[in-house]
Every structure is written in structure tokens, then in C-alpha cells.
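Chains as they are written, first to last, in full-length UniProt numbering: chain A, 1 to 470; chain B, 1 to 179.
Just so it is clear, CB atoms sit at the ideal spot from N, CA and C, and this is done for glycine as well.
Next comes the structure, spelled out in C-alpha cells:
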């Protein structure tokens with residue numbers, strides 16, 4: 001990404017974004033106080049939401065839902081309409097931001113075709129997980145974040161157990177588990193200032209939609225099988241108390257020719273909160289070929305690997321082979337400007353999902369207020385909170401860097417850079433450091449020793465073996 | 001100036017999707033105290049017996065009242081606790097909770113005596129305040145609930161992994177490289 005691209009991006013605010021976010025904020029405030037009996041201000045905010053959606057296919061359903069709120073007769077479908085309305089608004093913000101990013105960089109992106117979405121498998125009649133989720137989410141909405149007590153915060157525990165037992169419902173299970181932990185940590189909350197209003201409304205709305213159609217987004221989605229060479233750029237790690245996901249951003253060169261494409265391969269494991277730092281890689285050890293490519297900086301050859309329409313590979317380690325060593329910066333230099341970006345699945349369109357791989361070099365860094373990079377006069381904050389404890393990349397190494405592969409992200413009106421790999425100095429010598437360098441175990445002997453001594457995964461697995469199956 | 005910065009940060013907290021709400025736990029050795037949590041209004045956990053590898057103690061301190069409880073998972077009270085004052089299992093529980101969550105978070109949760117806590121030495125004074133929580137009165141609660149929570153905790157290690165992307169995890173970035 002050149003300085004001119006970044007300057008253009010930072011100078012452009014897509015039309016309507018701030019107005020749309022104001023409507024979302026109005027709904028979020030109403031949700032924080034509970035939808036049961038909205039006062040005049042919040043009723044007006046909800047009317048605003050209905051107004052914004054009027055004239056769209058959702059318009060009638062949202063209007064009806066807002067009316068039902070004022071008469072106090074809420075049903076499942078009403079909450080789904082409200083969650084859908086909020087999701088559509090943020091989806092539009094997402095699209096506007098991605099368009100401006102693609103335009104600034106001159107990136108080509110696939111368009112989404114409706115046929116790419118598999119038909120939804122029918123929900124079994126006694127789906128306790130989905131029904132339990134809807135009931136709990138409904139209670140949360142009626143109560144509002146400010147009214148959530150300890151019992152309501154942990155009210156979904158049994159539902160989550162049912163969802164976790166069904167691989168098709170993993171997305172909803174992991175989402176509810178994350179939300180539950182946060183509610184338990186912050187509730188009861190005394191004031192709305194103490195509540196992450198936007199974030200919890202995000203999680204709530206997504207959960208409501210998933211709870212109505214959860215199986216559609218599981219492993220049964222329609223896939224095409226692809227073969228060719230994968231060149232990893234870096235790994236984005238996500239983690240909450242009971243889940244970790246390593247999302248590997250790659251450039252894919254199809255074996256049958258065609259332009260290089262940006263794809264992701266994702267590995268997820270269930271965990272507990274005491275398993276943190278480099279230990280999380282042990283939970284993903286079933287995928288040695290992919291982890292080996294990260295740790296050893298190798299390309300991969302994939303054969304008949306399923307690819308979903310949103311650019312996600314459904315990873316099968318046995319359909320991949322390790323290739324030659326490749327410098328991720330060579331990959332970025334060669335391909336990032338012209339690789340075709342995938343379309344984003346409609347439900348996933350939310351600004352939080354924006355994670356576009358970029359390559360920058362020739363910048364200066366400034367650590368006076370957080371860390372920022374200055375690229376030809378354009379200033380971009382570096383999101384140091386997104387440097388994972390499972391890898392060697394630290395704020396100091398980023399501050400000393402001269403080139404960076406990272407993900408562009410957007411939150412609350414601001415673009416930022418999440419580093420995945422840097423060219424930097426280690427002990428005054430030039431070095432490349434990446435978040436995935438420790439995928440096969442820490443290469444720093446001191447870190448490795450501590451990890452070995454704690455041995456959290458082995459200790460807990462041994463207990464689980466003895467107590468759960470004993 | 002400083003006040004303004006704090007205000008902006010707070011306003012931002014409500015408007016941001018990606019804020020970190022639950023700080024990640026810190027790594028610790030799990031062999032002695034395999035399970036610690038702040039939940040159900042208690043600091044509670046499971047402590048391995050020093051003498052018998054097959055036996056575990058279920059220990060807890062209630063927030064606010066600082067009622068102490070310790071006994072084996074098959075309901076036998078801990079001898080150390082009945083002699084008055086906290087037993088070594090409760091000591092270990094508090095020590096490991098401090099390692100995992102930091103003293104301040106544990107002291108906040110337990111509502112440790114505020115007069116023992118000092119703003120300019122927050123972590124150390126929180127630890128001192130936690131020692132005061134260990135002087136509470138013993139109170140018998142059935143160990144089944146906490147032990148059940150431990151089994152549920154362990155069951156996560158048996159949930160199979162997946163390679164289906166979970167887009168919702170973008171709300172939960174891994175963090176903590178600067179620790």
C-alpha cells in the first residue's frame with residue numbers, strides 16, 4: 001500500500017456513515033436500558049431505526065416490531081427483525097468502507113452471488129440450543145444491559161453446552177460463550193458508561209440472527225474444491241476464555257492459472273481461560289502441515305481443498321503439503337497489490353470483520369501517544385492490543401520496524417493497522433518477526449522453558465481424562 | 001488535559017466494537033490448583049491434596065461476607081479449616097488466583113476491605129487486603145456446585161476443534177504481547 005493510497009483512504013469518509021452510526025447508537029442505547037418499556041427518547045430512536053429501513057425489504061417487519069415494542073407485545077420474530085435492521089445498517093457501513101478501501105488501493109474484489117449460499121438445512125424440531133438461545137437473548141433484550149444480574153448473565157450456560165455438542169452450531173456457541181463471560185465480568189453494572197454498549201449490541205444482534213438459522217453457517221456450506229500453491233502472509237489470532245482461532249491470510253496461486261487470490265485458512269480449538277500465550281498452539285497441533293508452514297515460513301501445495309464463497313478454505317491438513325521456504329515480504333511485494341479479494345458473505349458484513357492485508361514500507365513510527373506510523377505524511381494508529389501473547393511480535397519490535405505486513409481495521413470512525421509481520425531489528429541485526437513464528441512452539445528458549453514448566457494443556461487434559469471418563 | 005483524555009477513552013468504550021472487556025488470564029502452573037474462577041459471587045476452585053493424588057479439595061471464599069469453605073469433593077470437611085482460620089488449600093487458592101487474574105481483580109471481586117487498599121501501591125495493597133479476606137468465618141456449602149463447574153471447565157478440552165471460520169471471533173482479538 002503506497003502513501004498515496006493511504007492518504008486517499010484517510011481523506012475519504014464515505015457518505016452516510018456517521019448518520020447511520022447515529023441510528024445504530026440510538027438503538028444500542030435503547031437496548032442497554034431494555035426494550036420492555038422504552039421512554040420517549042428511546043421510543044423515538046427505535047422509530048428512527050424503523051424509518052431508516054422503511055422502503056427496504058425489511059421495512060414492514062421492522063415497523064411492526066417497533067410498534068410491538070410500544071404495546072409491550074414482543075415476540076421472537078420482532079427481535080429478529082430489530083437485529084436484522086441493525087445488522088443491515090452496519091452491513092451498509094461495512095460495504096461503504098470496503099468500497100473506499102478497494103478504490104483507494106485499486107483492488108479487485110469478487111462480487112457475491114446469491115447462489116453461493118447453500119440452502120438452509122431445516123432446524124430439527126427439538127433444537128434445544130437454538131430455542132434456548134432465542135429465549136435467553138429475548139430476556140436480555142427486554143431487561144437491558146443495565147438490568148442484567150448474575151443469574152441472567154449465566155442463564156445461557158446449559159444452552160451453550162447443547163450448542164457446543166453440535167458442530168453445525170459452533171459459531172453461535174462460541175459467540176454466546178464470549179458474551180456470557182463479559183456479562184458475568186461486568187454485571188450488575190451501575191451505569192451505562194460502564195457498559196460496552198456498541199459491542200454488546202453487536203454480539204447480541206449477531207447471536208439473534210445465528211439463533212434463527214444457525215445450521216446454515218456450519219460446515220455444510222456449499223464449497224468448490226481448489227488446488228494450487230498457498231503463500232502465507234501472516235496469522236491473525238483471535239481468543240476469548242474458551243476459544244482460540246488462528247486465521248492464516250494467504251495468497252493463493254491456482255494450479256489451473258488465473259489470477260492470484262487472497263484466501264484465509266482458519267483453525268479453531270476450544271480451550272479454557274488458564275490456557276494462554278504460546279500454549280494455545282498446542283491445541284491446534286492436529287494441523288502440523290499448516291502450523292509448520294507458519295513456523296518455518298514455507299509455501300504450501302493444496303490439492304482439492306474445499307473453498308467457501310467468502311474466501312475461507314475449509315482446511316484439511318491431509319490435503320496440504322509443505323513447499324519451499326518463502327519470505328512473506330516477497331509474497332506481499334509481489335502479490336498484495338493485484339491479488340483478487342474475496343466477496344464477504346452478507347451476514348458477516350460488519351465493520352469489525354474488515355481485516356484487509358496490506359504491506360507498507362518506508363514509514364516512520366512515533367510512540368508519543370500509542371504507536372502510529374507515518375507513511376508519506378499519512379498517519380495511521382497501530383493497534384498494539386491486537387498483538388497476541390502466543391507470538392514473539394511485541395510493541396517494541398513494531399516501533400523499530402521498517403516494513404510491515406498487517407491487517408487494516410476500522411472501529412469507531414478510525415482506521416488502524418494490526419501488524420502480522422515486520423522487518424525490524426533484533427539485537428541490532430535486521431530480522432523478520434511474525435505472529436505465527438511460535439506455531440510449533442516458542443523459539444525463544446526462555447519462553448519455551450516457562451511454557452514447558454506450566455504445561456497447562458497436558459495437566460488439564462490429564463485431569464479431564466481421569467475425571468470425565470475415569 | 002488528563003481528565004479530557006480519560007473522558008474520551010470512556011466515550012470511546014461505549015462506541016467501539018473491539019474493546020477488551022475481560023482481561024486475559026495470566027499463565028501459571030496448574031498442577032497444584034488446576035481450577036480457579038471468579039464466579040457465582042465467589043472466588044472458588046479446586047486444590048490438589050498434598051498427600052493423596054486422587055483426592056482434591058473444593059475451596060471457596062464468598063464475595064462480601066468472606067465466608068470460607070473447604071472440603072473434599074465427596075463432602076468431607078477440611079481439617080485445616082475447622083481448626084479456625086484459613087487452611088493451606090484456601091491459601092493456595094488465593095495465591096493462584098492472584099497469579100491468574102492479578103490481586104486487584106480478585107480483591108475487587110471479593111470486595112476486600114477498602115481501607116487496606118492504597119491507590120499508589122494498588123497491586124501490593126490488594127494482596128494485603130486479600131489476606132484479610134482469609135480471616136472470615138467458616139461456612140459449609142455443598143461442594144457439588146463448584147466441582148460441577150470444574151467438570152464443565154474440563155469438558156472444553158474434549159470439544160473437538162473445527163476448521164470452519166468463525167467470523168464472530170473478530171470481536172475477540174488475542175492480545176497481551178506486551179506483558
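Short Cβ contact (8 Å threshold) for residue i with residue j
i	j	result
residue 437/A	residue 205/A	no
residue 392/A	residue 444/A	yes
residue 93/B	residue 36/B	yes
residue 243/A	residue 177/A	yes
residue 267/A	residue 245/A	yes
residue 30/B	residue 461/A	no
residue 352/A	residue 170/B	yes
residue 97/A	residue 14/A	yes
residue 33/B	residue 96/B	yes
residue 195/A	residue 32/A	yes
residue 237/A	residue 174/B	yes
residue 292/A	residue 253/A	no
residue 400/A	residue 424/A	yes
residue 431/A	residue 441/A	no
residue 148/A	residue 137/A	no
residue 464/A	residue 275/A	no
residue 43/B	residue 110/B	yes
residue 126/B	residue 103/B	yes
residue 170/A	residue 166/B	yes
residue 313/A	residue 354/A	no
residue 50/A	residue 24/A	no
For residue i, the nearest candidate out of the options (CA to CA)
i	options	result
residue 337/A	448/A, 446/A, 104/A	104/A
residue 62/B	135/B, 173/B, 169/B, 154/B	135/B
residue 328/A	404/A, 259/A, 287/A, 379/A	404/A
residue 466/A	105/B, 151/B, 168/B, 89/B	151/B
residue 151/A	127/A, 131/A, 185/A	185/A
residue 38/B	153/B, 117/B, 161/B, 123/B	153/B
residue 262/A	456/A, 334/A, 198/A, 368/A	334/A
residue 434/A	453/A, 77/A, 386/A, 70/A	386/A
residue 428/A	455/A, 397/A, 169/A, 414/A	397/A
residue 28/A	57/A, 382/A, 193/A	193/A
residue 51/B	72/B, 107/B, 64/B	72/B
residue 143/B	58/B, 49/B, 47/B	58/B
residue 298/A	113/A, 210/A, 248/A, 281/A	248/A
residue 332/A	452/A, 356/A, 394/A, 111/A	356/A
residue 343/A	323/A, 308/A, 324/A	308/A
residue 28/B	11/A, 41/A, 451/A, 469/A	451/A
residue 420/A	375/A, 363/A, 359/A	359/A
residue 135/A	60/A, 326/A, 191/A, 156/A	156/A
Where residue i meets chain A, residues with beta-carbon distance less than 8 Å
i	result
residue 19/B	196, 199
residue 12/B	412
residue 151/B	467, 468
residue 25/B	241, 273, 274, 276
Under 8 Å from the C-beta of residue i: neighbouring residues of chain B
i	result
residue 174/A	166, 168, 169
residue 388/A	173, 174, 175, 176, 177
residue 237/A	173, 174
residue 286/A	161
Chain-ordered neighbours of residue i on chain B, where CB pairs are closer than 7 Å
i	result
residue 546/A	Lying before the first or after the last residue shown, residue 546/A is absent from chain A, which here runs from 1 to 470.
residue 185/A	21, 22
residue 385/A	20, 173, 175
Chain A contact residues for residue i, given Cβ-Cβ distances below 7 Å
i	result
residue 191/B	This structure does not reach residue 191/B, given that chain B is present from 1 up to 179, and the question cannot be answered.
residue 113/B	Within chain A, no residue comes near residue 113/B; the closest Cβ sits about 21 Å away, beyond 7 Å.
Where residue i meets chain A, residues with beta-carbon distance less than 9 Å
i	result
residue 29/B	453, 454, 455, 456, 459
Listed by chain order, chain B residues near residue i by CB distance under 9 Å
i	result
residue 202/A	17, 171
Query raised in the report: Just by C-beta distance, which residues in the region 303–330 of chain A are closer than 7 Å to chain B?
Result: 312, 314, 315
Query raised in the report: In chain order, what residues of the region 56–73 of chain B put their CB closer than 7 Å to some CB of chain A?
Result: none
Report task. Report the residues of the region 133–145 of chain B with a CB closer than 7 Å to any CB of chain A, ordered along the chain. Result -> none
Requested in this report: With 7 Å as the C-beta to C-beta threshold (strictly closer), list the residues of the region 392–404 of chain A near chain B in chain order.
Outcome: 393, 394, 395
Requested in this report: Taking only runs that begin and end inside the region 254–316 of chain A, name each unbroken alpha helix (DSSP H) of 4 or more residues, in chain order.
Outcome: 280–283, 288–296
**Report entry** Sequence ranges, alpha helix (DSSP H) only - wholly within the region 178–247 of chain A, length at least 4
**Finding:** 197–212
Report task. Check each residue of the region 91–105 of chain B: if its Cβ is closer than 7 Å to any Cβ of chain A, include it; give the result in chain order. Result -> 100
Requested in this report: Report the residues of the region 258–274 of chain A with a CB closer than 8 Å to any CB of chain B, ordered along the chain.
Outcome: 264, 265, 266, 267, 268, 269, 270, 271, 272, 273, 274
Query raised in the report: Of all the residues that make up the region 34–67 of chain A, which are near chain B by a beta-carbon distance shorter than 8 Å?
Result: none
Requested in this report: Output, in sequence order along the chain, the residues in the region 429–451 of chain A whose CB is closer than 9 Å to any CB in chain B.
Outcome: 435, 450, 451
**Report entry** Under 8 Å (Cβ pairs) to chain B, residues found in the region 241–257 of chain A
**Finding:** 241, 242, 243, 244, 245, 247
Requested in this report: Would you list, in chain order, the members of the region 41–54 of chain B that have their beta-carbon closer than 7 Å to a beta-carbon of chain A?
Outcome: 41
Query - Near-chain B residues of the region 349–373 of chain A - C-beta to any C-beta below 8 Å - result: 350, 351, 352, 353, 355
Requested in this report: Could you list the residues in the region 145–159 of chain A with a C-beta less than 7 Å from some C-beta on chain B, going in chain order?
Outcome: 150
Query raised in the report: In the region 420–464 of chain A, which residue ranges form an unbroken alpha helix (DSSP H) of at least 4 residues, counting only runs that do not cross its ends?
Result: 445–454
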